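For reference, the structure is listed below as structure tokens.
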Amino acid sequence: MTSSFLQTKKRGWGSRWSFVAATTGAAIGLGNVWKFSYLAGENGGSAFLLAYIACVFLVALPVMIAEVVLGCRGRANPVATIHNVAIEAVASPWWKLIAWLGMLAALLILSYYSVIAGWSLAYIEKLFTGEFDAASVQIAGESFSQFLSSPWQLIKWQSVFLALILLMSMSGARIGIAMMARIALPLLLLSLSALAVYGFKMGDGPAAIEFLFVPDFTQLTANSLLIALGHAFFSLSIGVGAMLVFGSYSPDGRSVSGMLSIVVLLDLLVSLLAGLAIFPLVFALKMAPAMGPGLMFIAMPYGFGNMEYGSYFGALFFLMVSVAAVTSGVALLEPTVNWLSERFGWWRAASAALLVFLVWVLGLLTALSFNIWADVSWQGLSLFQLLDFVTANLLLPIGGLLIAVFVGWKLRREVLRDEFYIEHPYLFLLWYRLLRYISAPAVLLILVSSLYLSFY
Ligand code: PHE
Numbered sequence: 026m027t028s029s030f031l032q033t034k035k036r037g038w039g040s041r042w043s044f045v046a047a048t049t050g051a052a053i054g055l056g057n058v059w060k061f062s063y064l065a066g067e068n069g070g071s072a073f074l075l076a077y078i079a080c081v082f083l084v085a086l087p088v089m090i091a092e093v094v095l096g097c098r099g100r101a102n103p104v105a106t107i108h109n110v111a112i113e114a115v116a117s118p119w120w121k122l123i124a125w126l127g128m129l130a131a132l133l134i135l136s137y138y139s140v141i142a143g144w145s146l147a148y149i150e151k152l153f154t155g156e157f158d159a160a161s162v163q164i165a166g167e168s169f170s171q172f173l174s175s176p177w178q179l180i181k182w183q184s185v186f187l188a189l190i191l192l193m194s195m196s197g198a199r200i201g202i203a204m205m206a207r208i209a210l211p212l213l214l215l216s217l218s219a220l221a222v223y224g225f226k227m228g229d230g231p232a233a234i235e236f237l238f239v240p241d242f243t244q245l246t247a248n249s250l251l252i253a254l255g256h257a258f259f260s261l262s263i264g265v266g267a268m269l270v271f272g273s274y275s276p277d278g279r280s281v282s283g284m285l286s287i288v289v290l291l292d293l294l295v296s297l298l299a300g301l302a303i304f305p306l307v308f309a310l311k312m313a314p315a316m317g318p319g320l321m322f323i324a325m326p327y328g329f330g331n332m333e334y335g336s337y338f339g340a341l342f343f344l345m346v347s348v349a350a351v352t353s354g355v356a357l358l359e360p361t362v363n364w365l366s367e368r369f370g371w372w373r374a375a376s377a378a379l380l381v382f383l384v385w386v387l388g389l390l391t392a393l394s395f396n397i398w399a400d401v402s403w404q405g406l407s408l409f410q411l412l413d414f415v416t417a418n419l420l421l422p423i424g425g426l427l428i429a430v431f432v433g434w435k436l437r438r439e440v441l442r443d444e445f446y447i448e449h450p451y452l453f454l455l456w457y458r459l460l461r462y463i464s465a466p467a468v469l470l471i472l473v474s475s476l477y478l479s480f481y
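Quick note: the sequence shown uses our numbering, first residue 26, plus one each step.
Right, here's the structure in full:
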């Protein structure tokens, strides 16, 4: 009972803490600091936060558990895992479409993720060299626009980021992610807390608290619900096959729901701290919270530039954000690397190199959408915004929905109970019911209503 019948060899982490560290490393990244803050800013703060928290616990966490359980059952690359589990459940092998869709979403996400992570790398240098010392918010803003206007700069830093991903992926992602997460996470938490304290001292703490915690539901639209849902999947790295491969590397005989609850709480904590660090500055500086993706890259450098030893703290902060982005980036690549090397017997290094090259080329679309292709748009969305919308708001929720339906409705309950033998029966039941009756219908409802409203 302790191991899945499909398991042929031990694939991964022996200990619960390595699994938790690696999964947290995959989850925490630019999504928590950069994306969470600007999405909360654009979608009405507290109402978005509440919708986000509801989506995390009622929809995303059950789906995340389902995805990990799939990996535990299959113990192989995403495509083979779903194929095998579907055959075992006497379901159509075409459910493996979930894996294809997930790998496509992961590579598309990595293409723009690598550009933004490149910004973070560039800002390590900028802060360290004192570029923002005593800078006004105007100077921080101008410096950011100037940086974005140079395709060469963006491509250079995107390439550096992808080279780091390649190195780590080639040397075997499993150990690397777990190790890096163990070092970088406490440091990221520490530097965010220091910034939050600073923000409250120097900025407008009460305005930030009101913005983030006093809900104003008039701000909540079907579209912002979809954005909150998409972000819950994005931030927890669900629906791209990453959690599935991590599940396949997970240790036996541990409570999946227990381990993942820790991951989800840590992920939420980092996002909240990021909000508490950024918004006091935003309000004190009379910046518009809804200014978009540049929010963190203007407010933070200004904050650091005007605090004692800020250039060092600032460089450290952007370093930790970059490390968090590297562990997430490796997780985005891992499902496809794992599939290519298992399915075709390719070397890990060759699979990773090919994919990174592909992602680099795709990433040019994003890098250029901030400068020479700034005018290229569809339905008012730039190339970067389009990629973000299609992946976070369509592909991830669709992937999550398919996982919820496949695991919740197609797999036999005894099989799931078998994977869950360590959990308390009530906990199992709670998860099972949430997955079937809340997660799956909620994703469907939010997806359909928001798409209907935006196109009609
Ligand atoms: N969760 C990561 C972040 O918040 C991004 C990511 C998405 C990573 C999907 C892996 C898979 O930055």
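From the three backbone atoms N, C-alpha and C, an ideal C-beta is built for every residue, glycine too. Just so you know, these numbers come straight off a predicted model, no measurement behind them.
Asked	Found
Counterpart residues of residue 406 in DSSP-defined beta bridges	403
Continuous alpha helix (DSSP H) stretch holding residue 350: start and end	335 to 369
When 161, 58, 215 and 112 are compared against residue 142, the one with the closest alpha-carbon	58
Secondary structure of residue 77, DSSP reduced to three states	helix
Helix, strand or coil at residue 229 according to DSSP, with G and I counted as helix	coil
Any non-hydrogen atom of the ligand PHE closer than 6 Å to residue 44 Cβ	no
Three-way DSSP call (helix, strand, coil) for residue 413 in this model	helix
Rounded C-alpha distance that separates residue 40 from residue 276	6 Å
For residue 212, the nearest candidate out of 266, 321, 318 and 344 (CA to CA)	344
Heavy atom of the ligand PHE within 6 Å of residue 55 beta-carbon	yes
Cβ-heavy atom distance, residue 285 to the ligand PHE, below 6 Å	no
Residue range of the unbroken alpha helix (DSSP H) whose run includes residue 142	122 to 153
Cβ-based neighbour list, residue 140, same chain, cut-off 7 Å, excluding 5 preceding and 5 following	179, 183, 388, 391 and 392
Burial state of residue 465, where buried means 16 or more other Cβ atoms lie within 10 Å	buried
Spatial neighbours of residue 74 in its chain, beta-carbon cut-off 7 Å, leaving aside the 5 residues before and after	65 and 237
Contact the stretch 297 to 317 vs the stretch 207 to 222: 3+ CB pairs below 8 Å	yes
Alpha carbon of residue 378 to alpha carbon of residue 261, nearest angstrom	26 Å
Near the ligand PLP: residue 357 beta-carbon under 6 Å from a heavy atom	Absent from the structure shown: the ligand PLP. Ligands present: the ligand PHE.
For residue 382 and residue 149, the rounded distance between their alpha carbons	25 Å
Check whether residue 339 and residue 169 have beta carbons under 7 Å apart	no
Proximity test, residue 262 beta-carbon vs the ligand PHE heavy atom, cut-off 6 Å	yes
Cβ-heavy atom distance, residue 159 to the ligand PHE, below 6 Å	no
With 16 other Cβ atoms within 10 Å as the buried cut-off, status of residue 413	buried
The alpha helix (DSSP H) enclosing residue 195, as first and last residue numbers	176 to 195
Minimum C-alpha distance to residue 85 - residue among 447, 263, 423 and 471	263
Residue 100, DSSP secondary structure in three states	coil
Residue 361 and residue 89 closer than 7 Å at C-beta	no
Backbone CA spacing between residue 284 and residue 114 [nearest angstrom]	26 Å
Beta carbon of residue 215 nearer than 7 Å to that of residue 103	no
C-alpha gap between residue 118 and residue 108, whole angstroms	5 Å
Cβ contact check for the stretch 321 to 341 and the stretch 236 to 256: 3 or more pairs under 8 Å	no
Residue nearest to residue 190 in terms of C-alpha spacing, selected from 404, 358, 274 and 363	358
Selected residue, minimal CA-CA separation from residue 60, among 257, 235, 201 and 112	257
Same chain, Cβ closer than 8 Å to residue 133, five either side skipped, listed in chain order	387, 412, 415, 416 and 420
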